[in-house]
Amino acid sequence: MKKHTNPMAPGVFYHVYNRGINGEDIFKEERNYLYFLNQYAKYIQPVAETYAYCLMKNHFHLLVRTRSAEEIFQNTATTNVGRVQNPADVTNETEASKRISNQFSKLFNSYAQAINKSFKRTGGLFEEPFRRIDIADETYLVQLVYYIHANPQKHGFVENFRDYPYSSYRTHLSKLDTKLNRLELLRWFSDKDGYQEYHLPNQVLADLAKFEIEFD
């Protein structure tokens, strides 16, 4: 079975997802969700724009578009030891791809270390490598947003996914500042009203089988 583990290229939409090792819970308390989002902003914002997300107790889904190679180099110009990278590498998409992967690794490692410390556990927390599927079709993007938001209901965590607190669904309806690319996402649905209408209970979760993922 094909594994969705190809390197992430600059300027591409991706459905990123992963789960805990052997299905172990990765979010054990409410504060864990908030800490993950803080770490996510710290490490992923420099290399990707985020459009939608959903965090569930044992897995997560993200819809992101990686930034251009130039943006990635500008935003990650200094390494952990403070050395400025060679500006000539700005056009090197292979190097940009490595930096995307490195930022995701920093996110997962920093979060796992915090969980291990808090709950006196050892070893890895996430399955490796994390999965990603590149997306080029806008219709697919729109349907994927719904799939990501509906996941908590699909897995029985809530009766109505619109009430779930750890997804981006309600953030896109809010007027509060957000790091999500809310304006562009709402344009996919024409406007906020179209976004809400698309998320009404007229969608049948069983019809979204093409988005089903497997952890192999």
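Converting from the sequence shown to my numbering requires adding 247 to each position, the first position being numbered 1.
Heads up, the beta-carbon is just placed ideally off N, CA and C, and yes, glycines get one too.
As the structure is a prediction and not an experimental result, all values here were calculated from the model.
Buried/exposed call for residue i, threshold 16 Cβ in 10 Å
| i | result |
| --- | --- |
| Pro254 | exposed |
| Ser414 | buried |
| His402 | exposed |
| Pro399 | buried |
| Arg314 | buried |
| Leu423 | exposed |
Spatial neighbours of residue i in its chain, beta-carbon cut-off 6 Å, leaving aside the 5 residues before and after
| i | result |
| --- | --- |
| Leu433 | Lys439, Tyr442 |
| Phe260 | Arg312, Ile382 |
| Tyr298 | Leu310, Asn428, Leu432 |
| Phe355 | Phe373 |
| Ala316 | Pro257, Glu340, Ala343 |
| Glu444 | none |
| Phe283 | Tyr358 |
| Glu296 | Arg312, Asn428 |
DSSP-derived helix/strand/coil call for residue i
| i | result |
| --- | --- |
| Phe404 | coil |
| Arg409 | helix |
| Glu276 | coil |
| Gln305 | Before going further, note that residue 305 is Asn rather than Gln in the sequence given. Note: Asn305 maps to coil in three-state DSSP. |
| Arg314 | coil |
| Arg266 | strand |
| Tyr298 | strand |
| Phe436 | coil |
| Tyr261 | strand |
Selected residue, minimal CA-CA separation from residue i, among the options
| i | options | result |
| --- | --- | --- |
| Asn305 | Thr313, Glu271, Glu342 | Glu271 |
| Lys275 | Tyr290, Phe366, Pro399 | Phe366 |
| Ala256 | Ile380, Leu388, Glu444 | Ile380 |
| Tyr290 | Asn349, His251, Tyr300, Ala316 | Asn349 |
| Phe408 | Tyr387, His446, Gly371 | His446 |
| Pro448 | Phe307, Glu406, Ser421 | Glu406 |
| Leu302 | Glu444, Tyr411, Thr418 | Tyr411 |
| Ile268 | Arg314, Gln286, Phe307, Tyr282 | Phe307 |
| Phe436 | His419, Tyr282, Leu423 | His419 |
| Leu281 | Tyr358, His396, Gln292 | Tyr358 |
| His396 | Tyr416, Phe404, Asp384, Thr386 | Tyr416 |
| Ser352 | Glu277, Ser421, Leu430, Gln286 | Gln286 |
Cutoff 7 Å; reference residue i; Cβ partners in own chain excluding five residues on either side
| i | result |
| --- | --- |
| Ala288 | Lys426 |
| Thr252 | Pro376, Arg378 |
| Asn265 | His306, Phe307, Phe373, Glu374, Phe377, Arg378 |
| Leu388 | Phe260, Ile382, Trp435 |
Cβ shell of residue i (< 8 Å), same chain only, five flanking positions each side left out
| i | result |
| --- | --- |
| Arg346 | Val294, Ile319, Phe320, Thr323 |
| Leu391 | His262, Ala299, Leu310, Ile382, Phe458 |
| Ile362 | Ile273, Lys275, Asn279, Arg368, Leu372 |
| Val328 | Here the model assigns Val328 a pLDDT of 37, short of 50, so the residue's position is not dependable and the matter cannot be decided. |
| Phe404 | Met303, Lys304, Tyr411 |
Distance cut-off 8 Å: residue i Cβ against heavy atoms of the ligand COA
| i | result |
| --- | --- |
| Arg409 | Questions concerning the ligand COA fall outside what the structure shown contains, since it holds no ligand whatsoever. |
(message) Extract the residue ranges of the beta strand (DSSP E) inside the region 330–401, only unbroken runs of 3 or more that lie entirely within it.
(response) 378–382
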